[in-house]
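**Student:**
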Amino acid sequence: MTLQEYEVKRVEPFSLGKISAAFASLGGLITGFIYLPFIAFMALGAGGEPTIMLLGGLLLGILATFFLAFVYAGVGFALGVFYGYLYNYMVSKVGGLELVMDIEG
Numbered sequence: 080m081t082l083q084e085y086e087v088k089r090v091e092p093f094s095l096g097k098i099s100a101a102f103a104s105l106g107g108l109i110t111g112f113i114y115l116p117f118i119a120f121m122a123l124g125a126g127g128e129p130t131i132m133l134l135g136g137l138l139l140g141i142l143a144t145f146f147l148a149f150v151y152a153g154v155g156f157a158l159g160v161f162y163g164y165l166y167n168y169m170v171s172k173v174g175g176l177e178l179v180m181d182i183e184g
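Numbered per our numbering, the sequence shown spans residues 80 to 184.
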């Protein structure tokens, strides 16, 4: 086992954006599943019996919660790309991120 030091001089912004979008969309899906019972409860109404208009609202609410995952993914991708460019800019001014890795050989 040897210790080797590496310095990260540059990251690919779009690669960082893809990873960020994947994590953000997973968060959006989890949030959407958490919102589903609340939307169903609102659609039932006070009487506990859904009407046609309330079921339409339920359908739109369900679609909105799953659309939330796409919104989160888009924002996550944009932020990941922005952070990638920001990291590359800061590395050019200050220096890279130093990593120490254990390599078994």
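Heads up, the beta-carbon is just placed ideally off N, CA and C, and yes, glycines get one too.
1) In terms of alpha-carbon separation, which member of Gln83, Lys88, Ile182 lies closest to Val173?
2) Using only CA atoms, which one of Ile118, Val90, Ser94 lies nearest to Val170?
3) Tell me the rounded alpha-carbon separation between Leu115 and Pro92.
4) In whole angstroms, what is the alpha-carbon distance linking Thr144 and Leu158?
5) Can you give me the C-alpha to C-alpha distance between Leu137 and Ile118, rounded to a whole angstrom?
6) Apart from the five residues just before and just after Ser99, which ones in its own chain have a Cβ nearer than 7 Å to its Cβ?
7) Is it true that the CB of Glu84 sits closer than 8 Å to the CB of Val150?
**Tutor:** Straight from the coordinates:
1) Lys88
2) Val90
3) 34 Å
4) 21 Å
5) 6 Å
6) Gly155, Phe156, Leu158, Gly159
7) no
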